[in-house]
Structures are given as C-alpha cells and as structure tokens.
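Sequential numbering of the sequence shown, starting at 1, is according to full-length UniProt numbering.
Positions of the beta carbon are idealized from the N, C-alpha and C atoms, including for glycine.
Just below is one structure, and these are the notes that go with it.
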Amino acid sequence: MVIMLIGNKSDLEGRRDVQKEEGEAFAREHGLIFMETSAKTAANVEEAFIDTAKCIHEKIQEGVLDVNNDANGIKLGPQHNPDGSHVNRGATNNNSGSQCC
1 MVIMLIGNKS
11 DLEGRRDVQK
21 EEGEAFAREH
31 GLIFMETSAK
41 TAANVEEAFI
51 DTAKCIHEKI
61 QEGVLDVNND
71 ANGIKLGPQH
81 NPDGSHVNRG
91 ATNNNSGSQC
101 C
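As structure tokens, then:
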C-alpha cells in the first residue's frame, strides 16, 4: 500500500501547528511518503499525485503490488501501442487462442 502524508497550507508558514520536520519524521516512522503543499498557490499539488503514482508504479514493477488483485485498489486503464493506437486486452488471436497484450 502506498500512502502519502500531505502537509497542506505550506503558504501559511507563520500559522503552522506542525513543523515540516515533524511531518517528515512521522512519515519516516510510519513508512509514508511526505510532501508539503499549498492548495492556495498550487505548490506541489500536482507533484503529490505524480510522486504517489510513481511510487505505485515502482511497487508494481518490483512485484510488491499485484494489479490483478482488486484488494490493492489498482485499476488498469487502456494500454497504448507506440503508434498511439489502443491495445485490446480482451481480444483473442484467432490463430493461437492467446490474448493480446
């Protein structure tokens, strides 16, 4: 499982209750990803999603997360060929009976 701890409102430095170092330490102790964001300025908002997706992808590549196990909450979207066309995962090849990639 991949969990990211977000420290929001990083634009309000003087009004924070939790210091960045505290958030980082908590995340480290609990095996979480940590990032500070600001919804107001959009700082690190997109990066938080991208970093989480990258971590999930790495765990899939390492075999830690199984994309075929619904309990992992991973849903595969359409795959694309290098030419941009879609790969039909459910289609079968009439000659061999094997499924398309």
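query: Should residue 77 go down as buried or exposed, given a rule of 16 or more other Cβ atoms within 10 Å for buried?
result: Here residue 77 corresponds to residue number 77 of the sequence shown, with the count starting at 1. When all chains shown are included, residue 77 counts as exposed.
message: Does residue 61 come out as helix, strand or coil in the three-state DSSP assignment?
response: Start at 1 with the first residue of the sequence shown, and residue 61 comes out as number 61. Helix.
- request: Taking residue 22 as part of the alpha helix (DSSP H), name the residues at either end of that continuous run.
  value: By one-based count along the sequence shown, residue 22 stands at place 22. Note, residue 22: alpha helix (DSSP H), 20–29.
query: Does DSSP put residue 6 in a helix, a strand or coil?
result: Locating residue 6 in the sequence shown gives position 6, where the first residue counts as 1. Three-state DSSP puts residue 6 in a strand.
- prompt: Around the C-beta of residue 18, are 16 or more other C-beta atoms found within 10 angstroms, so that it is buried, or is it exposed?
  reply: Counted from its first residue, the sequence shown places residue 18 at position 18. With fewer than 16 Cβ atoms within 10 Å of its Cβ, residue 18 is classed as exposed.
Whole-number beta carbon distance between residue 33 and residue 27, since they are thought to touch under 8 Å: For the purposes of this step, residue 27 is taken as the residue at position 27 of the sequence shown. For the purposes of this step, residue 33 is taken as the residue at position 33 of the sequence shown. Confirmed, Cβ separation roughly 7 Å.
query: CA-CA distance, residue 8 and residue 43?
result: Locating residue 8 in the sequence shown gives position 8, counting from the first residue. Locating residue 43 in the sequence shown gives position 43, counting from the first residue. About 10 Å.
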